[in-house]
Amino acid sequence: MAKAKTIYYCQNCGTQHATWMGKCNNCGQWNTIVEEVVEKNVQEKPWQEEQSKTPVLFNIHEIPQTGEMRIVTQNHELDRVLGGGIVLGSVILLGGEPGIGKSTLLLQVALSLPQQKVLYISGEESASQIKLRAERIGIQTEECYILTETQTQKIFKQAKNIKPDILIIDSIQTLESHYVESAPGSVSQIRQCTAELIKYAKETNTPVIVVGHITKEGTIAGPKILEHMVDVVLQFEGERNHIYRLLRAQKNRFGSTSELGIYEMQGNGLREVSNPSEVLISAKDHALSGNAIAATMEGIRPMLIEIQALVSTAVYGTPQRSTTGFDTKRLNMLLAVLEKRAGFQLGAKDVFLNITGGIRVDDPAIDLAVICAVLSSYENQALPDNCCFAAEVGLSGEIRPVNRVEQRIVEAEKLGYDVIFISKFNKFKTSNHQIRVETLGTVADLYRMLF
1184 MAKAKTIYYC QNCGTQHATW MGKCNNCGQW NTIVEEVVEK NVQEKPWQEE QSKTPVLFNI
1244 HEIPQTGEMR IVTQNHELDR VLGGGIVLGS VILLGGEPGI GKSTLLLQVA LSLPQQKVLY
1304 ISGEESASQI KLRAERIGIQ TEECYILTET QTQKIFKQAK NIKPDILIID SIQTLESHYV
1364 ESAPGSVSQI RQCTAELIKY AKETNTPVIV VGHITKEGTI AGPKILEHMV DVVLQFEGER
1424 NHIYRLLRAQ KNRFGSTSEL GIYEMQGNGL REVSNPSEVL ISAKDHALSG NAIAATMEGI
1484 RPMLIEIQAL VSTAVYGTPQ RSTTGFDTKR LNMLLAVLEK RAGFQLGAKD VFLNITGGIR
1544 VDDPAIDLAV ICAVLSSYEN QALPDNCCFA AEVGLSGEIR PVNRVEQRIV EAEKLGYDVI
1604 FISKFNKFKT SNHQIRVETL GTVADLYRML F
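All residue numbers for the sequence shown refer to our numbering, where the first residue is 1184 and numbers rise by one.
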């Protein structure tokens, strides 16, 4: 019996090593190198029995220019994040925490394509469990086929018979190939199975959607090369205790990576949220201090979010600075600007900041709303309900302009706000808007105008 060939792999980056060592020479991570069997003597043929064709050499000027053929799903949020639909022959990797709704999202997509034949591969659930979820979702279709299998060769055999328009794999960590002898979920198995799926997708022009588990650090489990191999990497995130889920594109070869899709988890599945402001702005009976509305952008999508701040006297010796959904270091910078440029004594105050809805925002245009929320709580004076803010704050206390201010103004006007505060250095057309646009130059001008 021939001795099995083993190679030492780094679980973080997938680099091969001749012997085991404590630290990977490529990525510098410790205790990530494992020994795996990478070769097995099998006589089975790959998924496609025909002999591979001789590759054709093209000059770049001779390549015909063709548009990207896409499958438009009934899920508009997913189509927006993907850039207009699922590109034929693409491989999409969807990652997220356990129980966040990845399988529910893909099953809804599979059931909502009546004109497309979908093959749903499940290595984690039985067919009866998937049937129960489909009944709960309540969408009926005759073109969705379920296969509970983990061996790639058997999956490709069924795919060759059915010829699906879309192939869904749930999940890549459960698949195993006969060409690799290591356990499912190992570095070599994940890389081999992904390579076979990519070859199948490119040669048959069939899009493949793959679910990937994540580690406790929040990254997709397996070698980093997995994210390099696929065409699109989507991240499905959100707090399990909240009902709202966010879909982001971390990598997209066919569109923008700055788009955002918002869903609401309900008993019958995921509901698309077409107006994000309805979930990001809380309803209240009367005006409360410490609340401010910011006009932000996620990709090309404008939305209004609510900033909540609480300023109180520090009970202990060191004041606390706590944020949810906002960068703590940027909050410290804005507090330093208020203390240095506007004269507010915030050094002995506890400051807590929260962005409602469980969303995290990195847009610097919400700086002005953060400062207004802090000042409102500091003065214990509520801001007017009909105003919102869209500007960046500099270290000198100046109000700096932001990009796409026209879209922010239009979104605020559409949602019924009467006043929006922006930088006086922003250029926009005042005659096109019914909303009143107030321009500011410094933080001192803002305080005099509102308080």
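The beta carbon of each residue, even a glycine, is placed where N, CA and C say it ideally should be.
Since the structure is predicted, the reported quantities are computational estimates derived from the model, not experimental observations.
Under the assumption that residue i contacts residue j (Cβ atoms under 8 Å), give the Cβ distance between them as a whole number of angstroms.
| i | j | result |
| --- | --- | --- |
| Asp1601 | Asn1569 | 4 Å |
| Leu1514 | Thr1506 | 5 Å |
| Ala1552 | Ser1559 | Not quite, the Cβ-Cβ distance comes to about 10 Å (not below 8 Å), so this is no contact. |
| Leu1518 | Val1534 | 6 Å |
| Phe1604 | Leu1623 | 6 Å |
| Arg1263 | Glu1379 | So it is not a contact: roughly 30 Å between Cβ atoms. |
| Val1370 | Tyr1192 | 4 Å |
| Gly1266 | Asn1435 | 6 Å |
| Ile1397 | Glu1280 | 6 Å |
| Ala1574 | Ser1606 | 5 Å |
| Glu1260 | Tyr1446 | 6 Å |
| Thr1287 | Leu1453 | 6 Å |
| Ser1439 | Gly1482 | 6 Å |
Ends of the beta strand (DSSP E) at residue i?
| i | result |
| --- | --- |
| Met1480 | Asn1474 to Glu1481 |
| Ile1542 | Taken as a continuous stretch (DSSP letters only), Ile1542 belongs to no beta strand (DSSP E), as it is neither H nor E. |
| Phe1650 | The structure shown does not extend to residue 1650, since the chain is modelled only from 1184 through 1634, so no value can be given for it. |
| Val1620 | Arg1619 to Leu1623 |
| Arg1436 | No beta strand (DSSP E) contains Arg1436, which DSSP labels as neither H nor E. |
| Asp1353 | Ile1349 to Asp1353 |
| Met1486 | Arg1484 to Thr1496 |
| Leu1358 | Run containing Leu1358: none; DSSP gives neither H nor E here. |
| Leu1330 | Cys1327 to Leu1330 |
| Tyr1192 | Thr1189 to Cys1193 |
| Val1301 | Val1301 to Ser1305 |
| Ile1603 | Val1602 to Ser1606 |
| Ser1369 | Per DSSP, Ser1369 belongs to no beta strand (DSSP E) and is neither H nor E. |
| Ser1441 | Element bounds for Ser1441: n/a, residue is neither H nor E. |
| Ser1505 | Arg1504 to Thr1507 |
Starting from residue i, trace the alpha helix (DSSP H) both ways and give me its first and last residue.
| i | result |
| --- | --- |
| Phe1527 | No alpha helix (DSSP H) contains Phe1527, which DSSP labels as neither H nor E. |
| Gln1312 | Ala1310 to Ile1320 |
| Val1626 | Val1626 to Leu1633 |
| Gln1336 | Thr1335 to Ile1345 |
| Tyr1561 | Asp1550 to Glu1562 |
| Ala1595 | Val1588 to Lys1597 |
Going by the CB atoms, is the gap between residue j and residue i shorter than 8 Å?
| i | j | result |
| --- | --- | --- |
| Gly1278 | Gln1372 | no |
| Ile1549 | Ala1595 | no |
| Asn1615 | Pro1584 | no |
| Lys1467 | Val1494 | no |
| Phe1572 | Ile1538 | no |
| Val1415 | Ile1275 | yes |
| Thr1333 | Leu1358 | yes |
| Pro1717 | Met1486 | It is not possible to answer for residue 1717, since the shown part of the chain is limited to 1184 through 1634. |
| Thr1215 | Gln1194 | yes |
| Ile1254 | Gln1299 | yes |
| Val1520 | Val1576 | yes |
| Gly1580 | Ala1525 | yes |
| Cys1555 | Ala1470 | no |
| Tyr1427 | Gly1282 | no |
| Pro1502 | Gly1473 | no |
| Ile1582 | Val1620 | no |
| Leu1289 | Ala1342 | no |
| Ser1305 | Thr1335 | no |
| Ala1384 | Gly1272 | yes |
| Met1638 | Gly1284 | Only positions 1184 to 1634 of the chain appear in the structure, and residue 1638 is not among them; the question remains open. |
| Pro1297 | Thr1256 | no |
| Glu1218 | Trp1203 | yes |
| Ile1349 | Ile1403 | no |
Counting only beta-carbon atoms, is residue i nearer than 8 Å to chain C?
| i | result |
| --- | --- |
| Arg1619 | Going by chain labels, chain C is absent from the structure shown, which holds only one protein chain. |
Within the present structure, is the beta-carbon of residue i separated from the nearest heavy atom of the ligand ADP by less than 7 Å?
| i | result |
| --- | --- |
| Ile1373 | As presented, the structure is devoid of all ligands, the ligand ADP included, so that no description of it is given. |
Suppose only complete runs of 3+ residues qualify. What are the beta strand (DSSP E) ranges in the segment 1227-1296, listed by chain order?
1274-1279
Enumerate, from N- to C-terminal direction, the unbroken alpha helix (DSSP H) stretches of 4 or more residues contained entirely within the segment 1388-1424.
1408-1412
Using 8 Å as the cut-off, can you tell me whether the segment 1431-1449 makes contact with the segment 1290-1297, which would need three or more C-beta pairs spanning the two stretches below that distance?
no
Does the structure place the segment 1484-1497 close enough to the segment 1326-1338 that three or more beta carbon pairs sit under 8 Å?
no
Three or more C-beta pairs closer than 8 Å, one from the segment 1347-1365 and one from the segment 1393-1401: is that the case here?
yes
Within the chosen definition, does the segment 1408-1417 reach the segment 1372-1383 through at least 3 CB pairs nearer than 8 Å?
yes
Mind pulling the alpha helix (DSSP H) runs of 4 or more residues that sit fully within the segment 1444-1468?
1460-1463
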